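As structure tokens, the structure follows; a few thoughts come after it.
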Amino acid sequence: MRILQLRCDAHMNELPVPCGPWELWYKDRQSYYNKVLFAGVSWWLFSLFMVIYTESIFLNWGPPAQPGPPSDMVEECDDSDI
């Protein structure tokens with residue numbers, strides 16, 4: 352006895368056809384994406400605040416609060432040994 356094997360090539364008729372309103376699905380997806388975006392931005396701002404608050408890194412946003420020492424307190428280099 353011979354087993355008959357049917358071959359079914361893929362074609363466009365096998366693709367799902369959208370039906371019904373798409374707007375509800377679209378709004379749900381956008382709502383999810385907006386929540387993820389808000390959470391990411393919030394976490395980034397919190398992290399930046401904590402880095403600044405704990406002074407973990409020096410951001411060098413402006414000149415130092417205290418000027419350097421006066422010139423009479425600084426020793427000059429003696430390059431004559433070279």
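Going from the sequence shown to our numbering is simple: count from 1 and add 351.
Backbone N, C-alpha and C fix where the C-beta goes; we use that ideal spot for every residue, glycine too.
All figures in this text were calculated on a predicted structure; none of them were measured in a lab.
Whose C-alpha, out of the options, is nearest the C-alpha of residue i?
i    : options                : result
I408 : P415, L399, G419, P414 : L399
Would you kindly work out how many angstroms separate the C-alpha atoms of residue i and residue j, rounded to a whole number?
i    : j    : result
T405 : Q417 : 20 angstroms
L355 : N364 : 23 angstroms
N411 : L388 : 29 angstroms
M401 : E426 : 39 angstroms
C428 : I403 : 36 angstroms
V392 : D430 : 54 angstroms
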